[in-house]
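The next block holds one structure in the form of structure tokens; read it before the comments.
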Amino acid sequence: MSSIPVTARVRPPSVINEQIRALMLRSAGRLTAAQRAEYEALVEEWATAVNTGEPEAA
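Using full-length UniProt numbering, count along the sequence shown one by one with no gaps and you end on 58.
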């Protein structure tokens, strides 16, 4: 089950991707348990955003 409420506005995938990249840079690719949980939530949010099919603003 998604941790993102159905009524929540979906952020653009590019914004979420930047957060994922920043997390990986901060951790040098070695995630703690807390960082792993954050990463998994971000990936789930990113997948939801990609699957909505809403175009991103230019």
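Just so you know, even glycine gets a beta-carbon here, dropped at the ideal spot from N, CA and C.
- By the Cβ-count criterion, residue 22 is exposed, with fewer than 16 other Cβ atoms from all chains shown falling within 10 Å of its own Cβ.
- By the Cβ-count criterion, residue 45 is buried, with 16 or more other Cβ atoms from all chains shown falling within 10 Å of its own Cβ.
- The criterion of a C-beta distance shorter than 9 angstroms is satisfied by residue 39 and residue 20.
- Contact between residue 50 and residue 13 is confirmed by a C-beta separation of about 5 angstroms, below the 8 angstroms threshold.
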